[in-house]
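Written out below as C-alpha cells is the structure these notes cover.
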Amino acid sequence: MIERVLHIRNMQRALQQVIANKGSAGVDGMNVQELSDYLRKEKTRLYSSIKERCYLPQPILGVEIPKGNGKTRLLGIPTVTDRVLQQAVSQVLMPHYENEFSVHSYGFRPNKNARQAVGKALEHIHEGYPFIVDIDLKTFFDEVDHCILLNLLYRKVKCPITMRLIRKWLRAPILINGQLHKRRKGVPQGSPLSPLLSNILLNELDKELTKRKLRFVRYADDFSIYTQYKSHATATLKP
Numbered sequence: 399m400i401e402r403v404l405h406i407r408n409m410q411r412a413l414q415q416v417i418a419n420k421g422s423a424g425v426d427g428m429n430v431q432e433l434s435d436y437l438r439k440e441k442t443r444l445y446s447s448i449k450e451r452c453y454l455p456q457p458i459l460g461v462e463i464p465k466g467n468g469k470t471r472l473l474g475i476p477t478v479t480d481r482v483l484q485q486a487v488s489q490v491l492m493p494h495y496e497n498e499f500s501v502h503s504y505g506f507r508p509n510k511n512a513r514q515a516v517g518k519a520l521e522h523i524h525e526g527y528p529f530i531v532d533i534d535l536k537t538f539f540d541e542v543d544h545c546i547l548l549n550l551l552y553r554k555v556k557c558p559i560t561m562r563l564i565r566k567w568l569r570a571p572i573l574i575n576g577q578l579h580k581r582r583k584g585v586p587q588g589s590p591l592s593p594l595l596s597n598i599l600l601n602e603l604d605k606e607l608t609k610r611k612l613r614f615v616r617y618a619d620d621f622s623i624y625t626q627y628k629s630h631a632t633a634t635l636k637p
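Count along the sequence shown from 1, add 398, and you get the number used in the working numbering.
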C-alpha cells in the first residue's frame with residue numbers, strides 16, 4: 399500500500415489538494431507556496447525515511463478558533479509536509495471504505511454534502527417521522543480512542559508502514575501557546591486524514607443504528623434519529 403501512497407500521481411494529486419486548501423503553516427513555519435520546491439528537493443530523502451520506518455511527524459500546532467455559541471474549538475494544524483502525506487494516505491484508503499459507509503452518512507465524503515443531509519431529514523419528516531432525537535457527540539474528536547480506531551483500520555490496512563504513519567500522526571504532540579502536550583487520544587480537527595478516520599469509527603455507530611432499524615441522518619459527529627411517535631423517540635434514548 400505504501401507504494402501506492404507514494405506513487406507520483408497520487409502524491410501530485412495530494413499536493414494539488416493541499417495547495418488548493420491553502421491553510422496556515424505548521425510549527426516549522428513552511429507555507430503551502432514553499433511545498434512544491436521542498437518536495438522536489440527532499441523527495442528522495444523523505445520517501446526513504448518513510449520506507450525505512452524512521453520518519454517522525456513534527457508536532458501539531460494548536461490554534462483556538464471561535465464557535466458560533468461563543469465558545470472556542472481547538473484546531474490541530476500539521477506541517478504542510480505532513481498534510482500532503484496525510485492527504486496521500488487518505489486518497490488511497492478512501493476507496494477501501496467508501497462502499498461500506500452508510501448511505502445515511504453525509505459528512506466529508508465524495509459527492510455528499512450538508513444540503514443532501516438536510517434534504518434527507520425533511521424527507522423523513524414528510525414521510526411521517528416528525529419526532530426527532532438530535533444528538534451531538536460532545537468533544538468526539540478529542541475523545542477518540544486510538545486503540546479502537548487502529549484496530550478498525552488494521553482490518554483493511556495490512557501495510558505496516560502505512561499503519562505506522564497513521565499511528566505516529568495520531569500520537570504527534572500538540573503545541574499550544576508554546577508548550578508541548580502529549581496526545582494519547584483524539585483525532586485533531588484540521589488534518590486531511592481526520593475526516594476519514596472519524597467516519598471509519600462512526601461507521602460502527604451507523605451499523606448499530608441500522609441494526610435497530612432506525613431512520614437517521616449523520617453528518618460527522620452530529621446525527622438525528624426520526625420516529626413516528628414521541629414514545630418511540632424517547633425509547634431510542636434508552637441503552
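Cβ atoms here follow ideal geometry from the backbone N, Cα and C, with glycine treated the same way.
Check: Look up Gln587 in the DSSP assignment and say whether it is helix, strand or coil.; Outcome: coil
Check: In terms of residues, what are the limits of the beta strand (DSSP E) holding Thr625?; Outcome: 620 to 625
Check: To the nearest whole angstrom, what separates the beta carbons of Gly421 and Ile463, a pair I think is in contact under 8 Å?; Outcome: With 8 Å as the limit, Gly421 and Ile463 do not qualify as a contact, their Cβ atoms being about 12 Å apart.
Check: Taking DSSP as the reference, what is the three-state secondary structure of Pro464?; Outcome: strand
Check: Check whether the Cβ atoms of Leu473 and Val461 lie closer than 7 Å to each other.; Outcome: yes
Check: Could you name the residues of the same chain whose beta carbon sits closer than 6 Å to that of Ala618, not counting the 5 residues immediately before and after it, in chain order?; Outcome: Gly505
Check: With a CB to CB cut of under 7 Å and the five nearest residues on each side skipped, what residues in its chain are close to Val403?; Outcome: Ala486, Val487, Val490, Thr560
Check: Pick helix, strand or coil for Val615, following the three-state DSSP scheme.; Outcome: strand
Check: So if DSSP puts Leu473 in a beta bridge, which residue, or which two residues, is it bridged to?; Outcome: Val461
Check: Can you list, in chain order, the residues of its chain whose CB lies under 6 Å from that of Pro590, leaving out five sequence neighbours each side?; Outcome: Arg481, Gln484, Gln485, Ser488
Check: Quick check on Thr470: buried or exposed, where buried means 16 or more other Cβ atoms within 10 Å of its Cβ?; Outcome: exposed
Check: Please report the distance separating the alpha-carbon of His522 from that of Pro528.; Outcome: 7 Å
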